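Reviewing the structure listed below.
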Amino acid sequence: MKPQFDTLQQLWHMAGHGPYVWTAVLVSLAVLGWLLIRPVQQQRANLQAIVRQAQREELQQAASTQQAEGGK
Amino acid sequence: MASGRNWNWFHRMGSPRWFYETTGRWLPWLWVLTLGLMLIGLVWGLAFAPQDAKQGNSFRIIYLHVPASFLALAGYYLMAIAGAIGLIWKMKLSYMVMKSAAPIGAALTFIALFTGAVWGKPTWGTYWVWDARITSMLILLFLYLGVLALQYAFHSQETGNKASAILALVGTVNIPIIYKSVDWWYTLHQPATIKFTSAPSMHPDMFQPLLVMIVAMYSFYALALILHTRTEILRRERKAGWVRELAQRAQPAEVRQ
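Sequence order for the protein chains is E and L. Residue 18 in this note's numbering sits at position 24 of the first sequence; the count goes up by one each step and never skips. So this note's numbering is basically just the index in the second sequence, starting at one, shifted up by 128.
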């Protein structure tokens, strides 16, 4: 196993096929990356939303018990 | 009867909580495996594999094209089977897996079509031909998008799940057609590089990095499917007690203020 290209420029150029090969590689990696990054971001947002919702309910509950005690 | 105990594993697997906790332990390993294999396979294929005698360097596109196509097809079976399990046993988790498989499959089919088009230009002189293999892959893309669209087309999640599952099952007819298209019809597309029944038609120096990329893509698929399914679980089970506890543990101070 030995490197097929002597310089990075040759690797980029690929004897004329560089534009095709690198377009295919970069677009594929962008799509694959998006498939992994998107759920990770959504997961983070979901967890935050769940915590906020729980806090809101706690506050509401506290407020309604206070009101009930105040009305006595 | 003992059958009650024998089916325990099946019911446990159907529990979103069990899935979430188990896969959570696998995730770090899958990330390392996927990124590591992908890096090795790509560097090997792009810089170290010998160039093709006829196609020159453009053949290096194979290292993404073939693995993406493999998983686009295998992923469709997985999605259809998940849909069938959902229909038969009314398993919630199974529908979540089905829904998660749709965008991943659509993206992989897109990669297969895109890399194929870019490869076609220097090899065949054209980006696109309406031949059997390419057209049936395009239909696969529409099937994936259809399954995804049906999820959002109904007010009731239940109806959407059933409609998606039925479309997924009907669409499986297309998969053997895609596999066999290069044998049944005259087509520009070259015949399969890898067959289970015979030795690969490639030189080992070219074939080994391809094998690495195929394993990398399977690992990627598992990782992506697990990540999407976990997101779906949190979204659908957000009112469940265990999800709330989990969210509190994951978000200590920043949101609490």
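Quick reminder that beta carbons are idealized off the backbone N, C-alpha and C, glycines included. Since this is a predicted model, take the numbers as computed values, not measurements.
**Prompt:** Which residues of chain L have a Cβ atom closer than 7 Å to the Cβ of Q36/E, listed in chain order?
**Reply:** Those within 7 Å of Q36/E in chain L are T359.
**Request:** Examine chain L for any beta-carbon lying closer than 8 Å to the beta-carbon of L41/E, and answer yes or no.
**Result:** Closer than 8 Å to some Cβ of chain L, the Cβ of L41/E qualifies, so yes.
**Request:** Determine, using beta carbons only, whether A196/L and S58/E come nearer to each other than 8 Å.
**Result:** Not closer than 8 Å, so no.
**Prompt:** Is L170/L near S347/L, with beta carbons less than 8 Å apart?
**Reply:** For L170/L and S347/L, no; Cβs fall outside 8 Å.
**Prompt:** Rounded to a whole number of angstroms, what is the C-alpha to C-alpha distance between V310/L and R145/L?
**Reply:** Spanning the two alpha carbons is a distance of roughly 44 Å.
**Request:** Have a look at I190/L and Q37/E and give me their C-alpha separation to the nearest angstrom.
**Result:** Straight-line measurement puts the Cα of Q37/E at about 33 Å from the Cα of I190/L.
**Message:** Does chain E have any CB closer than 8 Å to the CB of W370/L?
**Reply:** At a cut-off of 8 Å between C-beta atoms, W370/L does not count as an interface residue with respect to chain E.
**Ranges of the beta strand (DSSP E) found wholly within the stretch 252 to 291 of chain L, counting only runs of at least 3** = Listed in chain order, nothing qualifies, since the stretch 252 to 291 of chain L has no complete beta strand (DSSP E) run of 3 or more residues.
**Request:** Please classify L221/L: is it buried, with 16 or more other beta-carbons within 10 angstroms of its beta-carbon, or exposed?
**Result:** By the 16-neighbour rule on beta-carbons within 10 angstroms, L221/L is buried.
**Item:** Ranges of the alpha helix (DSSP H) found wholly within the stretch 132 to 171 of chain L, counting only runs of at least 4
**Value:** For the stretch 132 to 171 of chain L, whole alpha helix (DSSP H) runs of length 4 or above, ordered along the chain, are 136 to 141 and 144 to 171.
**Message:** Quick check on the burial criterion: 16 or more other C-beta atoms within 10 angstroms. Buried or exposed for R261/L?
**Reply:** Buried, by the Cβ-count rule.
**Message:** Mapping the DSSP letters down to three states, classify D0/E as helix, strand or coil.
**Reply:** It is coil, neither helix nor strand.
**Message:** Given this structure, state the Cα-to-Cα distance separating S186/L from Y148/L, to the nearest angstrom.
**Reply:** When rounded, the separation of the alpha-carbon atoms in S186/L and Y148/L is 42 Å.
**Enclosing alpha helix (DSSP H) for M207/L [first to last residue]** = Its alpha helix (DSSP H) spans residues I190 to W217.
**Item:** Cross-chain neighbours of A196/L in chain E, by beta carbon under 8 Å
**Value:** In chain order, S22 make up the part of chain E whose C-beta sits under 8 Å from the C-beta of A196/L.
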